[in-house]
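Top line first, the protein sequences correspond to chains V and R.
Using the working numbering, the first residue of the first sequence is number 26, and each one after it goes up by one.
Using the working numbering, the first residue of the second sequence is number 26, and each one after it goes up by one.
Glycine included, C-beta positions come from ideal geometry on N, C-alpha and C.
Just so you know, these numbers come straight off a predicted model, no measurement behind them.
Working notes, structure below.
Number of protein chains: 2
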Amino acid sequence: MAERPTEPAPLLSWWGWGDPAEVPELPEAVTELLRGALGVTRAPAPRPALAELSPPPPRIADGAAARLAEVVGAEHARADAATRIRHTRGKSTPDLLALRAGDASAAPDLVVFPATHDEVLRTLAICAEARVAAVPFGGGTSVVGGLAPPDAGVYAGLVAIDLRRMDALLELDEVSRLAVLEPGLRGPQAEALLGAHGYTIGHFPQSFEYASLGGFAAARSSGQASAGYGRFDELALGLRVATPAGTVNVGRAPRSAAGPDLRQLFLGSEGALGVITALTVQVHPSPAQRSYEGWRFPDFATGTAGLRALAQDGPRPTVLRLSDEAETALNLARPSELGRAGAGGGGGAGGALAIVGFEGSVARVARDQVEASAVLREHGGAPEPEAGDHWAGDRFRGPYLRDALLDHGVLVETLETVAFWSKLDGLYAAVGSALRSELERRGTPPVILCHVSHVYPAGASLYFTVGCAAAADPIAQWRAAKAVASDAIIAAGGSISHHHGVGSDHRAWYGEELGALGAGVLRAVKAELDPVGVLNPGILIPGPAE
Amino acid sequence: MAERPTEPAPLLSWWGWGDPAEVPELPEAVTELLRGALGVTRAPAPRPALAELSPPPPRIADGAAARLAEVVGAEHARADAATRIRHTRGKSTPDLLALRAGDASAAPDLVVFPATHDEVLRTLAICAEARVAAVPFGGGTSVVGGLAPPDAGVYAGLVAIDLRRMDALLELDEVSRLAVLEPGLRGPQAEALLGAHGYTIGHFPQSFEYASLGGFAAARSSGQASAGYGRFDELALGLRVATPAGTVNVGRAPRSAAGPDLRQLFLGSEGALGVITALTVQVHPSPAQRSYEGWRFPDFATGTAGLRALAQDGPRPTVLRLSDEAETALNLARPSELGRAGAGGGGGAGGALAIVGFEGSVARVARDQVEASAVLREHGGAPEPEAGDHWAGDRFRGPYLRDALLDHGVLVETLETVAFWSKLDGLYAAVGSALRSELERRGTPPVILCHVSHVYPAGASLYFTVGCAAAADPIAQWRAAKAVASDAIIAAGGSISHHHGVGSDHRAWYGEELGALGAGVLRAVKAELDPVGVLNPGILIPGPAE
Chain V
26 MAERPTEPAP LLSWWGWGDP AEVPELPEAV TELLRGALGV TRAPAPRPAL
76 AELSPPPPRI ADGAAARLAE VVGAEHARAD AATRIRHTRG KSTPDLLALR
126 AGDASAAPDL VVFPATHDEV LRTLAICAEA RVAAVPFGGG TSVVGGLAPP
176 DAGVYAGLVA IDLRRMDALL ELDEVSRLAV LEPGLRGPQA EALLGAHGYT
226 IGHFPQSFEY ASLGGFAAAR SSGQASAGYG RFDELALGLR VATPAGTVNV
276 GRAPRSAAGP DLRQLFLGSE GALGVITALT VQVHPSPAQR SYEGWRFPDF
326 ATGTAGLRAL AQDGPRPTVL RLSDEAETAL NLARPSELGR AGAGGGGGAG
376 GALAIVGFEG SVARVARDQV EASAVLREHG GAPEPEAGDH WAGDRFRGPY
426 LRDALLDHGV LVETLETVAF WSKLDGLYAA VGSALRSELE RRGTPPVILC
476 HVSHVYPAGA SLYFTVGCAA AADPIAQWRA AKAVASDAII AAGGSISHHH
526 GVGSDHRAWY GEELGALGAG VLRAVKAELD PVGVLNPGIL IPGPAE
Chain R
26 MAERPTEPAP LLSWWGWGDP AEVPELPEAV TELLRGALGV TRAPAPRPAL
76 AELSPPPPRI ADGAAARLAE VVGAEHARAD AATRIRHTRG KSTPDLLALR
126 AGDASAAPDL VVFPATHDEV LRTLAICAEA RVAAVPFGGG TSVVGGLAPP
176 DAGVYAGLVA IDLRRMDALL ELDEVSRLAV LEPGLRGPQA EALLGAHGYT
226 IGHFPQSFEY ASLGGFAAAR SSGQASAGYG RFDELALGLR VATPAGTVNV
276 GRAPRSAAGP DLRQLFLGSE GALGVITALT VQVHPSPAQR SYEGWRFPDF
326 ATGTAGLRAL AQDGPRPTVL RLSDEAETAL NLARPSELGR AGAGGGGGAG
376 GALAIVGFEG SVARVARDQV EASAVLREHG GAPEPEAGDH WAGDRFRGPY
426 LRDALLDHGV LVETLETVAF WSKLDGLYAA VGSALRSELE RRGTPPVILC
476 HVSHVYPAGA SLYFTVGCAA AADPIAQWRA AKAVASDAII AAGGSISHHH
526 GVGSDHRAWY GEELGALGAG VLRAVKAELD PVGVLNPGIL IPGPAE
C-alpha cells in the first residue's frame with residue numbers, strides 16, 4: 026500500500042506562522058493596552074517582501090550540485106532565491122525577527138527534495154564526500170534554531186533536504202494498530218490518511234498544521250493530548266534512518282530487553298545523526314467522543330495539586346493543562362490583571378484555569394468525566410463553562426497572535442521546561458523571576474504567562490510565554506532574557522526542553538545536562554554515523570569545549 | 026536519609042536456584058510420567074559439593090589485586106574458592122549444568138564488594154589500567170550468560186564487582202513518588218524499605234526474591250505486574266553510572282526533549298557500558314487491594330485475542346498472562362494431555378488459562394474487574410475458580426521445579442521473545458516447531474509450554490518452557506535447540522529477548538537485530554566509556570565480525 030495525501034503540504038509563511046491571511050488584526054483597544062502595559066512606543070513595522078531579500082551567492086561546487094540534482098532529479102533540486110528563503114531558519118521569534126529584518130544570510134545554497142530512502146542515502150553520501158553540510162527539513166517549524174546550523178560556515182556549502190515528497194502511508198497493521206508512514210507527511214495529512222481507515226495518531230502539538238512526522242520524532246514532540254495518547258517518542262515504535270554511513274533500522278517490537286534501546290538515540294536526534302525516512306507509529310481508533318472542559322482553581326498551586334492527583338492516581342484525561350493566574354486572566358479576557366499576576370508576580374482574581382479533555386468511547390468519556398470531576402472538586406476546582414470549547418477552537422492559533430504582536434513592536438516568545446513535581450514550584454518561580462529581572466533591567470518590563478502543558482506521574486512541564494516592548498535590537502534583547510531563563514532552568518533542576526528540542530539555542534545548556542562524558546558519548550555516536558560531520562553541524566551535540 | 030535492610034541479602038544456591046531447602050521432591054507418579062512421556066532413562070544425578078570444585082589459579086597480578094583490596098578494604102576483596110564459585114556464571118540451565126558437572130573454569134579470580142560510587146569508580150580505573158576484566162554482579166540471576174564473559178581470557182584476570190553492600194534507600198520524594206535506591210538491594214529488601222513508607226515499586230519478576238535493582242535496570246527486567254506498573258525500564262527514571270571513563274548521570278525529568286535519551290543506553294547495558302550505582306525509581310502507593318483471577322478460554326488463539334482487547338482498549342489489568350494449551354494442562358494438573366498439546370502441537374481439552382490480576386484501591390479494583398470480565402466473556406473466556414490464587418502462591422516457584430527436574434535427568438530451560446501482535450501467531454508456531462524438530466531429530470522429543478507473559482497495545486511477549494530427556498552432553502543439546510529457536514525468532518520478526526537480556530547467549534542474534542551499523546554505534550559508545558574494554562568483554566555488544 027502507498028496512500029498519499031490528496032492535497033499538497035500547505036505553504037508556511039516565511040516571515041511568520043502558517044497562512045498570512047490568518048494573522049488577526051489587533052483591535053485598537055488591545056494596541057492601546059500594549060502601549061500602556063508594556064510601554065510599546067515603536068510604530069508598527071511593515072512586513073518585508075520576498076523579493077527584498079537576497080540570499081548569499083551559492084557556495085556548493087558545481088560538480089557536487091550536479092551530482093545532487095542527478096540523485097533527486099533536476100526539477101527537485103532548487104537554488105532559486107524564493108525556495109532558499111523558504112528554507113531559511115525556523116519559527117522562533119529570533120528567526121522571524123531576522124527574516125523580517127531582511128537577513129537571509131542563513132539560507133541554504135541548495136534545496137533538494139528526495140522521494141525515497143535510497144535518494145536520501147545517496148544525497149548524504151555526496152554531501153559527506155563533498156563536505157557539504159546537510160539540514161534535514163520537515164515542516165520547518167523548529168523554534169530552537171534547529172534549521173540554521175551555526176557551524177556550517179566551514180563546509181563547502183549547505184543543502185536543505187526537504188522531505189515533503191516522502192509523504193505516503195506505506196502500511197497499516199490493524200491487528201497491532203501500527204502505521205508505517207513517511208516523514209514528510211504534515212500532521213493533518215497523516216490524520217486524513219489514517220482517519221479514512223478509522224484511526225488517529227492522537228498527536229496534536231501547537232505546530233500540528235504545519236509540522237511533519239519526521240520532525241515530531243526527530244524533536245521528541247509532545248502533543249496537547251499527550252496525557253491520553255502519549256508523547257510522539259512513545260508512539261514512534263520503529264524508525265528507519267538514513268545516515269552518511271548507511272541505514273539503521275530500530276524498533277522490532279513494542280518493547281525489548283535486547284540491549285540498549287537505540288531507537289531512543291534517533292528520537293530527539295534533530296537531524297544531527299541521520300534522516301528519518303520511515304516511521305512505524307502506534308495508532309488508535311478515532312475516538313467516538315471528544316469533550317473538553319474548563320475548570321477554575323483558586324490559584325496555580327492548588328490547580329497544580331489537582332493535576333498531579335489525576336496524573337498519579339487517575340483517571341487520566343486525554344488533555345490536561347493548567348494556566349497560571351496571568352495566563353488565565355488573558356484567557357478569560359481580563360487583561361487589566363495582567364500587570365500584577367503571573368510567574369513570580371503574585372495571584373490574580375481570576376484564579377487558574379485548567380483544560381481537562383477526554384477522548385474515547387462515549388461510555389468511557391462519560392465515566393472518566395464523572396471520576397475526574399470528583400478529584401478536581403476535591404482539589405478546589407469548579408467548572409468554568411465554555412472554556413474547554415474555547416480552548417479547543419483556538420488550540421493551534423497562538424503563533425498567529427505572535428505575528429500580529431511582532432507587527433506592533435511587541436517582542437513575544439515562548440520557552441518550556443520539565444521537572445519532577447517536587448521541583449516544579451521552585452522552577453516556576455526561578456524562571457519567572459530571572460526573565461522579569463533581566464527584562465526590567467533592560468527597561469522593558471515583561472508580561473509573563475505560564476501553563477502546565479503536560480503531566481506525568483513523576484512530574485510536569487511548564488510552558489512560559491513572555492511579552493515585552495521590543496528594544497532596538499530585539500534579537501539581542503531576547504537572547505539575554507533567554508540565557509538567564511535557561512540558567513535558571515538548569516539551576517532549579519529542570520530540563521532545558523520538554524518538547525521544543527535543543528537545536529542551536531539550547532546546546533550549551535544541554536551540554537550542562539549531559540555532563541562531559543555524556544556529551545562525549547553523543548559525539549562518539551555522531552562520529553560513527555556521520556564521520557565527516559556534515560549533518561546539521563552545530564545543532565544539538567555539544568562540542569568538546571562546551 | 027540512608028535506610029538499609031535489617032536482613033542481609035539471602036544466599037543463592039550456587040548449583041541451582043534460591044534456597045536448596047525449597048526444591049520440591051518429585052512424587053513417584055511424576056518421575057514415572059517423565060520416564061514415560063519424555064523417555065528419561067538417566068538415573069538421578071547427585072548434586073555436587075562445593076568443596077569438590079576447584080576454580081583455576083588466580084591470574085590477577087599481585088600489585089593490581091593489592092590496589093583493588095586497598096580501594097574496598099581488605100575484608101571486602103575475597104579470593105577464597107567458595108566466594109569465587111558463588112560468583113561463577115548465572116542461572117541458565119547450561120550455567121547450572123556446568124557447575125553441577127564440577128566446571129568452575131569461569132570463576133572470577135577475585136570478588137570485590139565496594140560500598141560507594143567512588144569505590145566502584147576507583148575499582149574500574151584500576152581494572153582498566155591493569156587490563157583486568159570486570160563483571161558487575163548484582164543478584165547473580167542472569168539466564169543468558171551475562172556473568173561469564175567469554176572474551177575475558179585475553180585479559181590479566183577477571184574481577185567480579187559484587188554490589189550487595191550498596192543497599193540503601195537514599196531518598197524518598199513523596200510528592201514526585203520517586204525513590205533513590207542503591208543497586209545491590211534485592212527485590213524484597215527494596216519492597217520492605219519502601220513498604221514501611223507505604224510504597225511499592227510494583228516490580229515482581231520471577232527472579233524477584235534474589236535479583237537486584239541494578240540488575241533489573243541493566244537487563245531491562247519486566248515484572249509479572251508489568252501491565253499495571255510498567256517495565257523496570259519505564260520505572261527507572263534516573264541512573265548514576267560509574268564507568269572507566271568517569272561518571273554519567275541520566276534522567277533529570279520524567280520526560281524531556283533535550284536530545285537523545287541516554288538513559289536508554291544504560292538500561293539494558295548489562296554491565297558492558299558501566300556499573301549502575303544509584304537508581305531513581307518511580308514508586309506507587311502500596312495497593313489496598315490485590316486480586317488475581319483465572320479465566321479459561323477455548324484455546325490459545327481465542328485467549329490471545331482477549332488479552333489484546335484489554336491491552337489495546339482497556340481496562341488494563343495489573344497482571345495479564347495466558348498459557349497455551351500445553352502449559353494450561355500442566356497448570357491444571359492434567360499431565361496426560363502434555364504430549365499432544367502446545368506450541369505447534371495442536372490444542373488440549375483444558376483450553377488456555379489466563380491470569381488476570383488487579384491491584385489498587387478497593388473501588389478501582391472492583392470496577393476494573395467488572396469491566397474486564399465483560400471483555401473477557403465477549404472473547405469466549407469463563408472464570409476458572411482458584412486458578413488466580415494458585416498462580417499468586419506459586420509465582421516465584423518455577424525455578425525450584427527446574428532444580429528438581431535436573432536432579433532427575435530432565436533438561437528444562439526457558440526462552441522468551443516479543444513481537445507485534447500481527448506476528449505473534451507465526452512466531453509462536455515457528456519457535457515451537459524449530460525446538461520440536463531439533464530435539465526430535467536428536468532423539469529427545471520435548472514437551473513445549475508457552476505463555477503470553479506481557480502485553481502492550483502493539484504486541485506481546487511469548488515465554489517458552491522446554492523439557493526433554495537430558496542427552497549425554499546436555500549443554501550441547503540445549504545450545505543446538507536454542508540456536509534453531511533463536512534463528513526462528515529472528516526470521517519470524519521477533520526480538521531475541523523480551524526481558525532476559527542478551528548476555529553472551531544472544532549476542533550473535535542481537536547483532537542481526539542491530540544490523541552492522543547499529544552494532545557499530547554500540548561499539549562506539551563502549552569505546553568512549555570503556556576504552557580498554559574491561560567491562561564484561563564478550564557480553565552484549567556484537568563484535569565487528571559477527
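Interface criterion met: the Cβ of R/A549 is under 7 angstroms from a Cβ in chain V. If you draw a straight line from the Cα of R/A236 to the Cα of R/A243, it is about 11 angstroms long. Interface annotation, V/Y180: not in contact with chain R, CB-CB separation never under 7 angstroms. Under a criterion of Cβ atoms nearer than 7 angstroms, no residue of chain R is adjacent to V/P49; the nearest Cβ is some 29 angstroms distant. In this structure, R/A334 places its C-beta atom within 7 angstroms of the C-beta atom of R/V400.
About 19 angstroms separates the Cβ atoms of V/T268 and V/L238, ruling out a contact at the 8 angstroms cut-off.
In terms of Cβ geometry, V/A158 and V/P174 form a close pair [threshold 7 angstroms].
Residue contact with chain V for R/Q249: absent (no Cβ-Cβ distance below 7 angstroms to any residue of chain V).
By the Cβ neighbour-count rule, V/E196 is exposed, with fewer than 16 other Cβ atoms within 10 Å of its own.
Secondary structure note for R/Y180: it is in no beta strand (DSSP E), with a DSSP letter that is neither H nor E. V/H309 sits in a strand when the DSSP states are folded into three classes. Along the stretch 153–198 of chain V, the alpha helix (DSSP H) does not occur as any fully enclosed run of 4 or more residues. Residues of the stretch 439–461 of chain R with a Cβ closer than 7 angstroms to any Cβ of chain V, in chain order: V443, A444, F445, W446, S447.
Beta-bridge partners of R/F445 (DSSP): R/G484.
Bridge pairing for V/S348: V/H476 [DSSP]. For V/T118 against V/L436, the beta-carbon gap comes to about 7 angstroms, under 8 angstroms, which counts as contact. Annotation: R/W416 is outside any beta strand (DSSP E); the continuous alpha helix (DSSP H) that includes it extends over 412–419. R/A517 is positioned such that its CB atom lies closer than 7 angstroms to that of R/G451. Put simply, the CB of V/Y254 is far from chain R, with every gap to its CB atoms at 7 angstroms or more. For R/F138, DSSP assigns no beta-bridge partner whatsoever. A residue is called buried once 16 or more other Cβ atoms fall within 10 Å of its Cβ, and R/S79, having fewer, is exposed.
Distance from the CA of R/A90 to the CA of R/P83, rounded to the nearest whole angstrom, comes to 10 angstroms.
Per DSSP, the unbroken beta strand (DSSP E) holding V/E384 starts and ends at 377–385.
According to DSSP, residue pairing for V/I301 in a beta bridge involves V/V266. Within the DSSP secondary-structure output, R/Y224 pairs in a beta bridge with R/P310. Ranking V/E553, V/R427, V/E144, V/H309 by CA distance to the CA of V/G220 puts V/H309 first.
At a C-beta separation below 7 angstroms, R/E318 has no neighbours in chain V, since its nearest C-beta there lies roughly 21 angstroms away. Nearest to R/A354 by C-alpha distance, out of R/P342, R/E438, R/F325, is R/F325. The beta carbon of V/D530 sits closer than 6 angstroms to the beta carbons of V169, G170 from its chain, once the five residues preceding and following it are set aside; these are given in chain order. Under the Cβ distance rule, R/P342 does not count among the residues neighbouring chain V, no pair being separated by less than 7 angstroms. The Cβ atoms of V/R114 and V/L172 lie closer than 7 angstroms to each other. Judged by beta-carbon spacing, R/S246 lies beyond the 7 angstroms limit of V/A483, meaning their Cβ atoms are not closer than that value. C-alpha of V/L292 to C-alpha of R/P285: approximately 6 angstroms in a straight line. Proximity of V/V273 to chain R, defined by a Cβ-Cβ separation below 7 angstroms, is satisfied.
Counting other Cβ atoms within 10 Å of its Cβ, R/T302 reaches 16 or more and is therefore classed as buried. For V/V546, no beta strand (DSSP E) run applies; the uninterrupted alpha helix (DSSP H) run containing it begins and ends at 532–554, by DSSP.
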